[in-house]
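K.L.:
Sequence positions in the sequence shown follow the working numbering and run 13 to 416.
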Amino acid sequence: MAEFTFHFVLILAVVYGTSYSLRFLESYGIPVVAIEILAGILFGSILGIVGPASPGFDFLVTLAAFGLLLIMFQAGFELDPGLIKREPWRVGLVSVLTFFVPFLSGVGLALYLGFTPFAAYLVGVVISTTSLGLVHPLLSDLDILQYEQGQLILSITGLNDIFSIIALAYGIALTGGNPIFAGLAVTGALLLFFVVIPLFFLDWLKDVAPTRLAEDPVTTSILITVALALITERLGIHAVLGGFFAGLLLDEITIDGPEIEAPMRPVVTLAASAFFFYVGMNFDVSALYSAGLTLILLVVVIGIGSKFVSGLVGGYAMNIGGKTTMLLASLMPGRLSISVAAAEIGRSRGIISAELYNAFIILSTLSVFISTGAFQYFIRYYPPDKSEEEMSDEAKEQISSEGE
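Structure (structure tokens):
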């Protein structure tokens with residue numbers, strides 16, 4: 013029998029210790045997410061204190077993946093489906109616009125550079141993504157989710173992220189060894205989670221799940237999350253979509269039921285810190301030299317610009333409010349795992365070049381700091397409309413219940 017090894021202790025000491033040591037940057041308005049990514053860049057990518065050769069590194073990778081899964085779970089749990097039901101056209105049209113305009117821009121860029129249609133499709137996915145794993149922690153850290161504007165932004169970026177994950181799932185299917193079977197599996201999985209479970213199993217789950225959740229909210233929540241993640245992963249869809257669905261599902265079945273958000277928060281925070289540190293580690297400084305300045309500029313300008321402009325156009329066209337539009341536009345370029353996953357698929361299967369892959373990694377990394385910086389600016393200096401300061405229905409209900 014193999015003996016226990018505790019090499020991961022050093023890894024965790026570096027991850028949590030360095031993130032903690034940089035927390036003073038919060039006083040300068042830098043969000044926790046950016047601090048943890050910066051710690052990964054500094055102590056991982058630049059100084060090399062933590063890297064693939066470090067003992068226990070595999071554990072860090074696993075914990076980081078689990079952190080992303082829990083971030084998506086929390087985002088799904090805190091998303092207010094009632095807002096989407098009340099304003100489906102506004103949320104839906106802005107989400108579609110902020111996905112397809114960058115997607116088509118990415119496809120156009122790839123075709124201009126002479127890539128194949130499959131490569132152009134993956135480039136479109138990379139350009140079109142907005143990471144809910146970045147947006148949700150920012151909105152949560154600044155207590156914006158209790159307002160209608162925060163829920164509106166979360167709803168739009170949530171749908172945008174779903175579009176990106178679906179597009180990536182079909183991209184994986186189309187570039188695999190059996191595209192017809194994989195494509196049918198993806199379609200079946202989407203029907204299962206979007207149609208079958210909500211229509212036929214939701215009421216049954218409301219009767220069964222709350223008892224277990226009340227007895228052991230953390231274990232039950234994690235079990236449901238990993239179970240749905242396993243199903244989506246096996247069906248050819250990214251596992252993070254299963255985590256997101258788990259959050260949505262538990263939010264629906266625990267209405268007026270047991271509290272699970274507070275017990276889960278420390279678990280999410282613990283794993284999410286490892287994820288953001290790992291994201292920072294993946295920033296390859298040498299890629300700045302190997303990718304070529306012209307290619308980097310093209311990818312960054314189109315990747316950031318198309319998301320920002322589509323957010324502005326969509327927000328003003330649907331009249332979601334001036335400040336909400338600026339906040340939405342600033343967050344839209346933020347990318348994390350989905351864009352990196354799409355780029356990695358293209359590189360590993362020989363569809364895109366190593367230079368383009370490095371340019372995408374640079375885009376994903378820079379977009380985090382550009383989005384967080386722009387978001388911080390608009391949150392502080394852009395005046396809101398009166399309607400944008402209204403609290404969400406969930407926040408009102410929580411305050412009302414606390415008053416009783």
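Built from N, CA and C at the ideal position, the CB exists for glycine as well.
This one's a predicted model, so the numbers in the text were calculated from it and none came from an experiment.
Report yes if the CB atom of I265 is closer than 7 Å to the CB atom of A201, and no otherwise.
P.N.:
Locating residue 265 in the sequence shown gives position 253, where the first residue counts as 1. Locating residue 201 in the sequence shown gives position 189, where the first residue counts as 1. For I265 and A201, no; Cβs fall outside 7 Å.
K.L.:
Determine the burial state of T98: buried for a count of at least 16 other Cβ atoms within 10 Å of its Cβ, exposed for fewer.
P.N.:
Here residue 98 refers to the residue found at position 86 when the sequence shown is read from its first residue. Position check: residue 98 holds Arg in this sequence, whereas Thr was assumed. By the neighbour-count rule (16 or more Cβ atoms within 10 Å), R98 is not buried but exposed.
K.L.:
Excluding sequence positions up to five away, which residues of its chain have a Cβ less than 8 Å from the Cβ of E414?
P.N.:
The residue given as residue 414 occupies position 402 in the sequence shown. With a pLDDT of 46 at E414, under the threshold of 50, the modelled position of that residue is not reliable, and the figure given next carries that caveat. Around E414: no qualifying Cβ.
K.L.:
Check for me: the alpha helix (DSSP H) holding M276 runs from which residue to which?
P.N.:
Start at 1 with the first residue of the sequence shown, and residue 276 comes out as number 264. M276 -> alpha helix (DSSP H) spans E273 to M293.
K.L.:
Straight-line CA distance for K335 to L125?
P.N.:
As a first step, residue 335 must be located in the sequence shown, where it is residue number 323. As a first step, residue 125 must be located in the sequence shown, where it is residue number 113. So the two alpha carbons sit approximately 37 Å from each other.
K.L.:
For the ligand FAD, is there a heavy atom less than 6 Å away from the beta-carbon of L75?
P.N.:
Of the ligands one can find in the structure shown there are none, so the ligand FAD has no counterpart to examine.
K.L.:
Only counting the same chain, and skipping five residues up and downstream in sequence, which positions put a Cβ closer than 7 Å to that of L80?
P.N.:
Position 68 of the sequence shown, counted from the first residue, corresponds to residue 80. Same-chain partners within the cutoff: G145, V252, F287 and S349.
K.L.:
Which same chain residues end up closer than 7 Å to S117 when comparing Cβ atoms and leaving out the 5 residues on each side of it in sequence?
P.N.:
Along the sequence shown, one-based indexing puts residue 117 at 105. Answer for S117: I139, I314 and S318, listed in chain order.
K.L.:
Ignore the nearest five residues each way along the sequence and tell me which others in F20's own chain have a CB closer than 6 Å to its CB.
P.N.:
Within the sequence shown, the letter at position 8 stands for residue 20. Cβ neighbours of F20 beyond the five flanking positions: G68 and F71.
K.L.:
Go through its chain and collect everything with a Cβ distance to R359's Cβ below 7 Å, but skip five positions before and after it.
P.N.:
What you label residue 359 is simply residue 347 of the sequence shown in a count that begins at 1. The answer, listed in chain order, is A366 and Y369.
K.L.:
When DSSP labels each residue in this structure, what does Y394 get in the three-state scheme?
P.N.:
Looking up residue 394 in the sequence shown gives position 382. Coil at Y394, not helix or strand.
K.L.:
To the nearest whole angstrom, what separates the beta carbons of V291 and G52, a pair I think is in contact under 8 Å?
P.N.:
Against the sequence shown, residue 291 aligns to sequence position 279. Against the sequence shown, residue 52 aligns to sequence position 40. V291 to G52, Cβ: 6 Å. Contact.
K.L.:
Given this structure, state the Cα-to-Cα distance separating A341 from F18, to the nearest angstrom.
P.N.:
Your numbering for residue 341 matches position 329 in the sequence shown. Your numbering for residue 18 matches position 6 in the sequence shown. Whole-angstrom Cα-Cα distance: 44 Å.
K.L.:
Determine the contact status of G326 and V106, defining contact as a CB-CB distance below 7 Å.
P.N.:
Here residue 326 corresponds to residue number 314 of the sequence shown, with the count starting at 1. Here residue 106 corresponds to residue number 94 of the sequence shown, with the count starting at 1. Yes, the Cβ-Cβ distance between G326 and V106 is below 7 Å.
K.L.:
Hey, could you find the ends of the alpha helix (DSSP H) L217 is sitting in?
P.N.:
Locating residue 217 in the sequence shown gives position 205, where the first residue counts as 1. Per DSSP, L217 belongs to the alpha helix (DSSP H) from L214 to E227.
K.L.:
For E273, which option in F295, T231 and L309 has the closest C-alpha, if you only look at C-alpha atoms?
P.N.:
Residue 273 sits at position 261 when you count from the first residue of the sequence shown. If we check each option's Cα against that of E273, T231 comes out closest.
K.L.:
Report the rounded CA-to-CA distance for L324 versus T223, giving the unit in angstroms.
P.N.:
Position 312 of the sequence shown, counting from 1, holds the residue named residue 324. Position 211 of the sequence shown, counting from 1, holds the residue named residue 223. So the two alpha carbons sit approximately 45 Å from each other.
K.L.:
Can you tell which of G63, L154, L34 and F55 has its C-alpha closest to the C-alpha of F390?
P.N.:
Taking the sequence shown and counting its residues from 1, the one referred to as residue 390 is at position 378. Comparing Cα positions, the closest option is L154.
K.L.:
Check the C-beta distance from A179 over to V198 and give it rounded, since I have them as a contact under 8 Å.
P.N.:
On the sequence shown, residue 179 is found 167 positions in, with the first residue counted as 1. On the sequence shown, residue 198 is found 186 positions in, with the first residue counted as 1. Not confirmed; about 10 Å, so no contact.
K.L.:
Taking its Cβ as the centre, do 16 or more other Cβ atoms sit within 10 Å of I362, making it buried, or is it exposed?
P.N.:
Your numbering for residue 362 matches position 350 in the sequence shown. At residue 362 the sequence reads Gly, which differs from the Ile that was named. Classification for G362: exposed.
K.L.:
Give every residue of the same chain whose Cβ lies closer than 7 Å to the Cβ of L283, excluding the five residues on either side of it in the sequence, and list them in chain order.
P.N.:
Numbered from 1 along the sequence shown, position 271 holds the residue referred to as residue 283. Checking the displayed sequence, the identity of residue 283 turns out to be Ala instead of Leu. If we look at A283 and ignore the five residues flanking it on each side, its Cβ neighbours are L75, F78, G79 and L82.
K.L.:
Select from V311, G63 and L157 the residue whose C-alpha is nearest the C-alpha of F4.
P.N.:
Outside the displayed range of the chain (13 to 416) lies residue 4, so it cannot be described from this structure.
K.L.:
Which residue comes first and which comes last in the alpha helix (DSSP H) that contains R102?
P.N.:
To locate residue 102, count along the sequence shown from 1; it is residue 90. Unbroken alpha helix (DSSP H) run through R102: P100 to Y124.
K.L.:
So F256 and A87 are supposed to be a Cβ contact under 8 Å. How far apart are they, rounded?
P.N.:
Counting from one through the sequence shown, the residue named residue 256 turns up at place 244. Counting from one through the sequence shown, the residue named residue 87 turns up at place 75. At roughly 6 Å, the Cβ-Cβ gap stays under 8 Å, so F256 and A87 are in contact.
K.L.:
Nearest-angstrom Cα distance between A65 and S33?
P.N.:
Taking the first residue of the sequence shown as position 1, residue 65 is located at position 53. Taking the first residue of the sequence shown as position 1, residue 33 is located at position 21. Using only the alpha carbons, I get a separation of about 24 Å.
K.L.:
Nearest to M276 by CA position, among I177, T237, A386 and L307, is which residue?
P.N.:
Within the sequence shown, numbered from 1, the residue matching residue 276 stands at position 264. Checked all of I177, T237, A386 and L307; the closest Cα to M276 is T237.
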